[in-house]
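Enquirer: Okay, here's the structure, questions in a sec.
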Amino acid sequence: MAARNLIYAASPRKKVIGIAEFIQKELQWDGKLIFRIKNLKQMRNGPTLEDLRNDSILSKSEPIINELKGNLNPINKDAALRLLKLSKVSLDNSNVENIIEPEVVQNHEFSKVEKIAEPEISKNHELITYYEFITFHPSFSYEDFIEGLRPLNNDDGQISYKVDEGLFKRYSRFAFNALMAKAEIEKEWGQMENIPQLTVEEKEKAKKAAGEVSFYLVIDEINRGDISRIFGELITLLESDKRLTADNELIITLPYSKTKFAVSPNLYLIGTMNTADKSIALIDIALRRRFGFIEMMPDYSVLEEKLVNEDKDIKEVFDLSIQALKKVNENILKTYDRDHQIGHSYLLKLKDSKSRNDAIEDFRFIWYYEILPLMQEYFYDAPAKLKQVLGNEFIVVENRSFSFIDNLEGEEFIKTIQRVVNSEKRQNEIGD
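The following block contains the structure:
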């Protein structure tokens, strides 16, 4: 099923339940299969299997010829139009693309897909995606990331163990196989197999094609994991000159499977971490020198771009929220440090507000239940500094303790926020 082809799904009742345009396939870390599609056209009265077999057009379509193997099957334009007509789903027949709404993307998960028809899918029937996301945590290990032993219950009740590949090893194979396909090299890296050896000519072809088929592994909270335990010997393989096809190419033997392993040049790792969390190490030095670092400070231009509305009353609340975030972060810089500034993502959910009252209530919820608790955590032992950040409008300090003023609502909350934003301006005017 190539991109922009139409597909349909058959339910357990052998009845067509929808038709959509296929965008991308994804094999998740937990083993679930995800198909990303554009605007599924659901069919409450879709044709049954018997209807399909008796129809003059659909009986000749690929799904019927292949006996509806699997939940998803590719169909052509004529079959798509016929399905929609039988199901009484409106469509301008002059342009089948009218069933697609490009701005609306939905995820529809199918736990079992038996038919594999994608040319991009490997010979081993493995679905690939060009990005993967994972979160590190203290108990995450080498066995989870690269490979390790997993227990199996035999039919006789005995326990045996098999080598199971982790996320990075599997994703490395995906990247390698996609690179080979792009470079038109007839080699594939299968599960529990050695990485295929490449000739000098094949390495040159792969090196040239690497930039055209990039894979990305995003590791959230990368500093929360035990880096040396998770990466093991992989740390050395991450270096650009140690990658496959590089000048100092390094291929190692993995300890469990005893298979040959290397990192493909088209596979990139992106790690994220919160530098404000001082309770954990920032990052292992051995890994740090193998990564480039990009600091992500609060970006108010993102909010100015996203928080827009033709209704001036709603826009006023949006603008005030941005000003309030700027003000609080300015005060944090003065009283604490730059790492503890509040990120702009807190306010992005405001963009869905449909009225001024909705915008005020959404902003109020963010302020009282997300921003203030975060400030309380940052300044739990320094109430005086917390007051410097928030001003007198939301906090009362008594000796070494503090308390927040009761929640304000509606326009009263907005007026109070305005006073916080304008507090320094008023002080300067008084000083003058």
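Residue numbers (this note's numbering): 15 to 446.
All C-beta atoms, glycine included, are put in the ideal place defined by N, C-alpha and C.
If you draw a straight line from the alpha carbon of residue 266 to that of residue 247, how long is it in whole angstroms?
Expert: Their Cα atoms are separated by approximately 8 Å.
Enquirer: For residue 369, which residues in the same chain have their Cβ closer than 6 Å to its Cβ, ignoring the five residues on either side in sequence?
Expert: For residue 369, where only same-chain residues beyond five positions count, there are no Cβ hits under 6 Å.
Enquirer: Rounding to the nearest angstrom, what Cα-Cα distance links residue 400 and residue 356 in this structure?
Expert: Straight-line Cα distance between these residues: approximately 14 Å.
Enquirer: Check this for me: beta carbons of residue 154 and residue 244, under 8 Å apart or not?
Expert: Yes, they are a contact pair.
Enquirer: Going by C-alpha to C-alpha distance, which of 403, 405, 360 sits closest to residue 384?
Expert: Residue 360 is the option with its Cα nearest to residue 384.
Enquirer: When the Cα of residue 417 is compared with those of 434, 394, 340, 432, which residue comes out closest?
Expert: Answer by Cα proximity: 394.
Enquirer: Leaving out five residues on either side along the sequence, give the residues of the same chain with a beta carbon under 7 Å from the beta carbon of residue 238.
Expert: Answer for residue 238: 150, 151, 152, 294, listed in chain order.
Enquirer: Quick check on residue 158: buried or exposed, where buried means 16 or more other Cβ atoms within 10 Å of its Cβ?
Expert: With 16 or more other Cβ atoms within 10 Å, it is buried.
Enquirer: Alpha carbon to alpha carbon, how far is residue 34 from residue 65? Give it in angstroms, no decimals.
Expert: If I take the Cα positions, the gap works out to 20 Å.
Enquirer: Per DSSP, residue 177 is paired with what?
Expert: Partner(s): 163.
Enquirer: Sort 204, 405, 220 by Cα distance to residue 344 and report the nearest one.
Expert: The shortest Cα separation from residue 344 among 204, 405, 220 belongs to 405.
Enquirer: For the beta strand (DSSP E) that residue 411 lies in, which residues bound it at each end?
Expert: 409 to 412 is the extent of the beta strand (DSSP E) around residue 411.
Enquirer: Would the segment 271 to 282 count as touching the segment 222 to 231 if we require 3 or more Cβ pairs under 8 Å?
Expert: The segment 271 to 282 is in contact with the segment 222 to 231.
Enquirer: Buried or exposed for residue 341, going by 16 or more other Cβ atoms inside 10 Å?
Expert: With 16 or more other Cβ atoms within 10 Å, it is buried.
Enquirer: I need the straight-line Cα distance from residue 7 to residue 98, nearest angstrom please.
Expert: The first residue shown for the chain is 15 and the last is 446, placing residue 7 beyond what the model contains.
Enquirer: Using only CA atoms, which one of 262, 431, 415, 196 lies nearest to residue 421?
Expert: The candidate whose alpha carbon is nearest that of residue 421 is 431.
Enquirer: With a threshold of 6 Å on Cβ separation, who are the neighbours of residue 96 within its own chain once the five nearest residues in sequence on each side are excluded?
Expert: Hits under 6 Å: 71, 72.
Enquirer: Straight-line CA distance for residue 184 to residue 277?
Expert: Distance between the alpha carbons of residue 184 and residue 277 is about 11 Å.
Enquirer: Shortest alpha-carbon distance to residue 375 belongs to which of 411, 428, 144?
Expert: The option with the nearest alpha carbon to residue 375 is 428.
Enquirer: From 336, 311, 193, pick the residue whose C-alpha is nearest to that of residue 224; which is it?
Expert: Looking at the Cα atoms, 193 is the closest of the given residues.
Enquirer: Please classify residue 415: is it buried, with 16 or more other beta-carbons within 10 angstroms of its beta-carbon, or exposed?
Expert: Burial call: exposed.
Enquirer: Is it right to say residue 435 is buried, meaning 16 or more other beta carbons lie within 10 angstroms of its own, or is it exposed?
Expert: By the neighbour-count rule (16 or more Cβ atoms within 10 Å), residue 435 is buried.
Enquirer: Residue range of the alpha helix (DSSP H) that residue 333 falls in?
Expert: Taken as a continuous stretch (DSSP letters only), the alpha helix (DSSP H) holding residue 333 covers 326 to 349.
Enquirer: Does the distance from the C-beta atom of residue 289 to that of residue 353 stay below 8 Å?
Expert: The answer is yes: Cβ separation under 8 Å.
Enquirer: Count the other C-beta atoms from every protein chain shown that fall within 10 angstroms of the C-beta of residue 213, then say buried if there are 16 or more, exposed otherwise.
Expert: The residue is exposed, with fewer than 16 neighbouring Cβ atoms inside 10 Å.
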